[in-house]
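Heads up: the sequence shown is residues 180 to 603, going by this note's numbering.
Backbone N, C-alpha and C define an ideal beta-carbon position, used for all residues, glycine too.
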Amino acid sequence: MSSNPLNTSLRPIPPGERALGLSDHIALWGSLGVGLLVIQAGSFLVPALSLGHALGAIAIGTLIGTLLLAWVGRLGAESGVASAGLIWSALGRRFAMLPIGLNVLQLIGWSVFEIVVLRDGLGAIAKHLYGPVSPVLLTVLVGLLLVGLLSLSMVGIVRKLIRRVGLWLMLGALGFLTWRYTGEAAAAGWDKLWARPGTGGMGFGAAIDLAIVMPISWLPLIADYTRYSRSAKQAFGGTLLGYGIANAWCFALGTLIIALHPGGELMGTLLLAGGGALALGLVLVDEVDNGYSDLYSASVSGHSLVPRLSVRVLGPLLAVLATVIALSVPIQHYQDFLYLLGSVFVPLFGVVIAYHGKTPKVDFGKLPAISWPGALAWFAGIGLYQWVSHSAPTLGASLPSLVAAFVLYHMLAKPFGVHQPARA
Numbered sequence: 180m181s182s183n184p185l186n187t188s189l190r191p192i193p194p195g196e197r198a199l200g201l202s203d204h205i206a207l208w209g210s211l212g213v214g215l216l217v218i219q220a221g222s223f224l225v226p227a228l229s230l231g232h233a234l235g236a237i238a239i240g241t242l243i244g245t246l247l248l249a250w251v252g253r254l255g256a257e258s259g260v261a262s263a264g265l266i267w268s269a270l271g272r273r274f275a276m277l278p279i280g281l282n283v284l285q286l287i288g289w290s291v292f293e294i295v296v297l298r299d300g301l302g303a304i305a306k307h308l309y310g311p312v313s314p315v316l317l318t319v320l321v322g323l324l325l326v327g328l329l330s331l332s333m334v335g336i337v338r339k340l341i342r343r344v345g346l347w348l349m350l351g352a353l354g355f356l357t358w359r360y361t362g363e364a365a366a367a368g369w370d371k372l373w374a375r376p377g378t379g380g381m382g383f384g385a386a387i388d389l390a391i392v393m394p395i396s397w398l399p400l401i402a403d404y405t406r407y408s409r410s411a412k413q414a415f416g417g418t419l420l421g422y423g424i425a426n427a428w429c430f431a432l433g434t435l436i437i438a439l440h441p442g443g444e445l446m447g448t449l450l451l452a453g454g455g456a457l458a459l460g461l462v463l464v465d466e467v468d469n470g471y472s473d474l475y476s477a478s479v480s481g482h483s484l485v486p487r488l489s490v491r492v493l494g495p496l497l498a499v500l501a502t503v504i505a506l507s508v509p510i511q512h513y514q515d516f517l518y519l520l521g522s523v524f525v526p527l528f529g530v531v532i533a534y535h536g537k538t539p540k541v542d543f544g545k546l547p548a549i550s551w552p553g554a555l556a557w558f559a560g561i562g563l564y565q566w567v568s569h570s571a572p573t574l575g576a577s578l579p580s581l582v583a584a585f586v587l588y589h590m591l592a593k594p595f596g597v598h599q600p601a602r603a
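Quick look at the structure:
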């Protein structure tokens with residue numbers, strides 16, 4: 180084995196290997212924006228907020244979060260390097276290992292959530308139609324499916340599986356559920372739903388935060404895919420359109436379902452609807468690519484830290500690890516998990532965006548061990564996020580922490596004499 184293995188996460192993808200176009204990005208990010216976890220996040224907004232306030236928070240949060248996601252995707256497309264490369268250049272060759280390592284851990288956590296959701300969803304469908312099935316068996320089957328997918332080409336999966344199959348399954352499932360529950364809302368009376376006040380317990384700012392967190396949770400991943408884009412404009416536009424529509428749609432659907440069935444459990448409510456088992460099954464099939472994407476990006480980030488382990492080797496290994504964890508971990512405190520992710524990665528990408536600006540700057544041979552402006556701005560952003568979320572939760576913490584990290588980085592860059600490498 181070579182004593183200096185190639186770190187493909189930091190090597191720009193050659194133009195000849197950049198095969199993803201606008202339709203690929205729309206399909207990929209539209210598919211990744213759909214999932215039971217997203218629908219469930221939407222269900223958290225009611226009855227704390229009125230239906231109108233919940234939908235307003237969804238619209239604002241989705242717009243802000245998806246614009247940030249598309250911006251980082253554009254940086255990945257222009258530079259050709261993975262998300263780890265964008266972080267590496269902004270924070271320094273040694274210090275960047277901390278957020279990249281945290282990213283690997285959070286991606287394993289997301290993949291565990293996805294495996295549990297797939298297992299519980301399949302189990303609920305099987306019980307509804309045939310009878311109970313062992314959750315251990317279902318967990319292992321989901322894990323084996325992910326192991327198999329991670330042994331294949333990512334570009335091939337996007338172009339052949341997600342664009343040709345996953346996108347249509349997504350549209351079919353969401354279209355049916357939307358038709359089903361908007362019809363129920365019309366029968367119950369839209370005026371009654373709109374007039375129902377919120378019960379409190381969640382402020383409008385916190386609701387925006389929750390809607391922002393879902394697209395922002397993909398910030399540490401997106402460049403792993405857009406680096407294969409044929410153009411930065413197609414990556415930006417495809418991400419903005421695909422993920423924006425999917426996120427708003429799923430959030431609104433979850434909100435509407437619980438507004439119609441207050442106090443109900445999401446999975447059981449879906450199954451009780453006519454044709455609900457089929458629609459839930461289609462959503463679960465589409466959910467598989469979310470678990471795959473989490474593990475693929477975890478392997479890309481892990482490879483940037485340990486180049487001797489290739490992405491093709493790390494992916495299946497991490498899938499096995501996530502499956503083992505999923506065998507013993509119930510899906511609880513999901514909302515707290517989302518907010519914790521936001522506190523770490525929102526200010527981190529405030530720093531990344533501040534450093535790269537409109538055009539990515541990557542020169543890994545001249546990086547300092549630690550970028551002090553980046554490190555200090557990141558820690559300050561995390562501290563501000565935690566303070567706001569605990570002291571003034573109704574205001575929302577995402578935007579203040581993002582802006583604070585962005586501004587503080589620019590304030591510190593000149594005094595610290597930050598090196599500005601050549602543009603990509």
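Quick one: what does DSSP say LYS540 is sitting in, helix, strand or coil? strand
The alpha helix (DSSP H) with THR357 in it runs from where to where? 346-367
Name the DSSP bridge partner or partners of LEU199? SER408
May I ask which residues mark the beginning and end of the alpha helix (DSSP H) holding ARG491? 490-505
Count the other CB atoms within 10 Å of the CB of ASP473; is the residue buried (16 or more) or exposed (fewer)? buried
Checking 8 Å against the spacing of the C-beta atoms, do GLY553 and ALA263 come in under that value? no
On the three-state DSSP scale, how would you describe PHE292? helix
Own chain partners of SER522 with C-beta closer than 8 Å, once the 5 adjacent residues on each side are dropped: ILE561, TYR564, GLN565, SER568, ALA576, SER580
Spatial distance of ALA456 from HIS307 (CA atoms): 8 Å
Close-in-space but distant-in-sequence residues of the same chain around LEU254 (CB under 7 Å, 5 per side omitted): LEU265, ALA402, HIS535, PRO539
Does the pairing of the stretch 353-363 with the stretch 428-438 give three or more beta-carbon distances under 8 Å? yes
According to DSSP, simplified to helix, strand and coil, what is ARG487? coil
Leaving out five residues on either side along the sequence, give the residues of the same chain with a beta carbon under 6 Å from the beta carbon of PRO526. TRP557, GLY560, ILE561, SER580, ALA584
Relative to the C-alpha of ILE243, which candidate in ILE218, ASP388, PRO278, PHE355 has its C-alpha closest? ASP388
Applying the criterion that 16 or more other CB atoms from any shown protein chain within 10 Å of the CB defines a buried residue, is TRP428 buried or exposed? buried
Proximity below 8 Å, CB of TRP397 to CB of LEU211: yes
Could you give the distance in angstroms between the alpha-carbon of ILE549 and the alpha-carbon of LEU555? 10 Å
Is MET381 near ASN426, with beta carbons less than 8 Å apart? no
So, for SER290: in the same chain, excluding its five sequence neighbours on each side, which residues have a beta-carbon less than 6 Å away from its beta-carbon? GLY470, ASP473, LEU474, ALA501
Please say whether SER258 and PRO311 have beta carbons closer to each other than 8 Å? no
For LEU449, which residues from the same chain have a beta carbon less than 6 Å from its beta carbon, with the 5 sequence-adjacent residues on both sides left out? GLY455, LEU459
Compute the Euclidean distance between the alpha carbons of LEU462 and LEU488, then round it to the nearest angstrom. Note that residue 462 is Val in the sequence shown, not Leu. Approximately 33 Å between the Cα atoms of the pair.
Have a look at PHE595, ILE436, ILE391, LYS545 and flag the residue whose alpha-carbon is nearest the alpha-carbon of TRP551. PHE595
Element boundaries [alpha helix (DSSP H), containing THR573]: Segment: none, THR573 is in no alpha helix (DSSP H) and carries neither H nor E.
ASP468: which of LEU247, LEU325, MET276 sits nearest, CA to CA? LEU325
When the distance is taken between beta carbons, is LEU439 closer than 8 Å to ALA367? yes
For the putative contact between LEU372 and LEU230, defined by C-beta atoms under 8 Å, what is the C-beta separation to the nearest angstrom? 5 Å
Tell me whether ILE401 sits in a helix, a strand or coil according to DSSP, three-state version. coil
Please work out which residues of its chain come closer than 7 Å, Cβ to Cβ, to GLY443, disregarding the five sequence neighbours upstream and downstream, and give them in chain order. ILE437
Starting from the C-beta of LEU207, find all residues in its chain whose C-beta is less than 6 Å away, skip the five residues before and the five after it, and write them out in chain order. VAL337, ILE341
Am I right that SER478 and LEU497 are in contact with their C-beta atoms under 8 Å? What's the rounded C-beta distance? 6 Å
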